[in-house]
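In what follows, a structure is listed as structure tokens, so that the remarks can point back to it.
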Amino acid sequence: MAGRVVLHGMWASPYSKGVELALKVKGIEYEFVEEDLTNKSEALMRYNPVHKKVPVLVHNGKPIVESLVIIEYIDETWKEGPRLLPQDPYERAKVRFWTGFLQQQLFGPMISLLKTDGEAQEKLKVLEEGIKGSYPGGPPSINGDNMGLLDIVGCPILGAHKVLEEVLGKKFLDQEKYPRVTSWVKALTELPLAKEAMPPHEKLVGLFQFIRSRALESAAA
Numbered sequence: 001m002a003g004r005v006v007l008h009g010m011w012a013s014p015y016s017k018g019v020e021l022a023l024k025v026k027g028i029e030y031e032f033v034e035e036d037l038t039n040k041s042e043a044l045m046r047y048n049p050v051h052k053k054v055p056v057l058v059h060n061g062k063p064i065v066e067s068l069v070i071i072e073y074i075d076e077t078w079k080e081g082p083r084l085l086p087q088d089p090y091e092r093a094k095v096r097f098w099t100g101f102l103q104q105q106l107f108g109p110m111i112s113l114l115k116t117d118g119e120a121q122e123k124l125k126v127l128e129e130g131i132k133g134s135y136p137g138g139p140p141s142i143n144g145d146n147m148g149l150l151d152i153v154g155c156p157i158l159g160a161h162k163v164l165e166e167v168l169g170k171k172f173l174d175q176e177k178y179p180r181v182t183s184w185v186k187a188l189t190e191l192p193l194a195k196e197a198m199p200p201h202e203k204l205v206g207l208f209q210f211i212r213s214r215a216l217e218s219a220a221a
């Protein structure tokens, strides 16, 4: 489907990066608008008046908000590209469940590690066992080497594990403890599309260090 596509996002946001990956997998040309979340644009406030957050996809002047909603919109609107979700309803439900888990249950504890010890390791254990039960051969790509919804959401969240480890000075994603998750993340981050979309390592390290230092200062005050 033709039409102007504009993505309002932020370079370090895994939610924005997930939408970028979906657009790239589908081969959709788009314009990226970098938002300063400390000084949000009038357009962002107008397009997403409820949450006032990124990402926002604007297709032919119509805004779509919330990353998972946007990715499913992309999959349903541009049918000619690779499918991002399975056709089978049960398989599609499983993918939706685990993508929701990654965003709602794992990403928060990962960020909290920058402030406290958090509960991320417990969530990683749940993900490891969930993958073992739901996908014995590892999380599936929908069409061979193409990234599916679970890959697209998981890559920017878990792909930042080396940055987290560098900032914290300790291991986060342990091959011995989480072999399935680790193998999956390694395969994802080696894909050309993922390498192209992921934020620069040193820049992300700087941001994480800033977040951690601010949190430690607040805790000490």
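All residue numbers for the sequence shown refer to the UniProt record's numbering, where the first residue is 1 and numbers rise by one. Note that CB positions come from ideal geometry on N, CA and C, so glycine has one too. Keep in mind it's a predicted model, so treat the numbers as computed, not measured.
Residue i in three-state terms, based on DSSP
i	result
residue 124	helix
residue 172	coil
residue 59	strand
residue 131	helix
residue 74	helix
residue 50	coil
residue 64	strand
Cβ separation of residue i and residue j, assumed to be a contact under 8 Å, to the nearest whole Å
i	j	result
residue 26	residue 74	6 Å
residue 156	residue 9	That pair is no contact at about 11 Å.
residue 159	residue 194	7 Å
Terminal residues of the beta strand (DSSP E) in which residue i lies
i	result
residue 9	5-9
residue 34	31-34
Status (buried if at least 16 other CB within 10 Å, exposed otherwise) for residue i
i	result
residue 97	exposed
residue 21	buried
residue 161	buried
residue 35	buried
residue 13	buried
residue 139	buried
residue 107	buried
residue 41	exposed
N-terminal and C-terminal residue of the alpha helix (DSSP H) that residue i is part of
i	result
residue 196	192-197
Take every Cβ of the segment 46-63, pair it with every Cβ of the segment 113-131, and state whether three or more of those distances are shorter than 8 Å.
Contact between the segment 46-63 and the segment 113-131 is absent, with fewer than three C-beta pairs closer than 8 Å.
Three CB pairs or more closer than 8 Å across the segment 97-108 and the segment 150-164:
yes
Segment contact flag, the segment 171-186 with the segment 119-133, C-beta cutoff 8 Å, min 3 pairs
yes
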